[in-house]
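Colleague: Position one of the sequence shown corresponds to residue 341 (my numbering), numbered consecutively onward. Just so it is clear, CB atoms sit at the ideal spot from N, CA and C, and this is done for glycine as well.
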Amino acid sequence: MSTVSRAVKSTPAVATSRTRADRATSVNKPPSFKKSQSRWGRAFAAPAVIGFLVFTLAPMVASIIISFTDWNIGGSPHMAGLDNYQKMLADPKFYHALKATVIYALIAVPGTILVAFCMALLMHRIRRGVGLFRTIFYLPVLVPPVANSILWMWMYDPTAGILNTILKFLHLPTSQWIYAENTAVPSIALMAMWAFGNMAIIFLSALQGVPRELLEAAEMDGANAWMRMWHVTMPQISPIILFNLITGLVGAFQQFDTAFIMTSGGPNDATLFYVFYLYSKAFTDGQLGYACALAWVLFLLILVATLLVFRFSDRWVYAGGAK
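(1) Considering only residues of the same chain and omitting the five flanking positions on each side of MET495, which have a CB-CB separation below 8 Å?
(2) Using the rule of at least 16 other Cβ atoms within 10 Å of the residue's Cβ for burial, across every protein chain shown, is GLN627 buried or exposed?
(3) Express the C-alpha separation of ALA388 and HIS571 in angstroms, rounding to a whole number.
(4) Under the rule that 16 or more other beta-carbon atoms within 10 Å means buried, what is SER407, buried or exposed?
(5) Relative to the C-alpha of GLN595, which residue among ALA631, ILE542, VAL525 is closest?
(6) How many angstroms separate the CA atom of ARG568 from the CA atom of PRO485?
(7) So HIS436 and LEU612 are supposed to be a Cβ contact under 8 Å. How far apart are they, rounded?
(8) Establish whether the CB of GLY451 and some CB of chain C are separated by less than 8 Å.
(9) Among MET560, ILE413, VAL637, LEU641, whose alpha-carbon lies nearest the alpha-carbon of GLN426?
(10) What is the DSSP secondary structure of VAL657, counted as helix, strand or coil?
(11) On a CA-only basis, which of PRO513, GLU556, THR475 is nearest ILE536? Give me that one, please.
(12) Are the Cβ atoms of MET493 and LEU634 separated by less than 8 Å?
This is the structure we're talking about:
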């Protein structure tokens, strides 16, 4: 028998003996070493756990308790039972704020997803300058909300804004944008679509992960570009569409800073979104108990909306080749 064959045959035995030795070493580690590992693990996890308990769990529990109290800033809290929630049901501004938020979500979320998908598809098709396009498309996400709002206020200016200037040049009717009741919410939704960078990058990653074999097989079967997109690409990236839909929905229900900076809830409460109303009740009117009740109702609304999306997602989301 040659030396090479002996070495090959002896290799499994050597590997087995080494594996057994490693196992024996790990089993025979002294208890003090294991305790030291456990202590270090707890030490590294402690900041995250403490931060969660102090800055997340404790305020959540406190807000639940406060929502059942009649507590105004400067006064003492008094237990009020379900009074805040009953007051909410009789509050017309609660329904107005909820309606404005839902309208905004219905415009902004699908619009942002559509724009992000189209831009991701464009980046997926081009061969040169993809990195440059990624940077350009992602820049609006990095702009601070205050600077972003000021920029769009200038663009929406009815007299000197660039949008109305372009419309005048094209001999098209101009708009009052955020300064009119019927166009204020769509204008803020249009501004939200501008920050499509996050979704576009996620869509691009999903498009790059679609197996080329499936697309080539569909093309060989005679499917045109639209059929390949609808029957191959869309099912493959449907989990990513679901992810962007959920995150967009949650973000839309929490719309606040743009309306606060640009319109202060106006004109005539047209952009009085839910979180803006919650903020005004807490820090303008000083009704902390009522504001906490509004916050927990918002949590339940987002939870129900998310569960409904998940409930019907099995009709159009494909995972692992199954629908």
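Modeller: If we stick to the structure as given:
(1) Around MET495, the same chain offers GLY501, ILE502, LEU503 as residues with beta carbons nearer than 8 Å, after the five sequence neighbours per side are excluded.
(2) GLN627 is buried by the Cβ-count criterion.
(3) About 44 Å.
(4) Burial check for SER407: the Cβ neighbour count within 10 Å reaches 16 or more, so the residue is buried.
(5) Scanning ALA631, ILE542, VAL525 for the CA closest to the CA of GLN595 turns up VAL525.
(6) Cα-Cα distance, rounded: 39 Å.
(7) Correct: roughly 6 Å between the Cβ atoms.
(8) As a matter of chain content, chain C is missing from the structure shown, which is built from one protein chain.
(9) The option with the nearest alpha carbon to GLN426 is VAL637.
(10) Look at VAL657 here: in three-state DSSP terms it is coil, with no helix or strand label.
(11) Checking the sequence shown, residue 536 turns out to be Phe, not Ile. Nearest neighbour of PHE536 by Cα position, chosen from PRO513, GLU556, THR475, turns out to be THR475.
(12) Going by C-beta atoms, MET493 is not nearer than 8 Å to LEU634.
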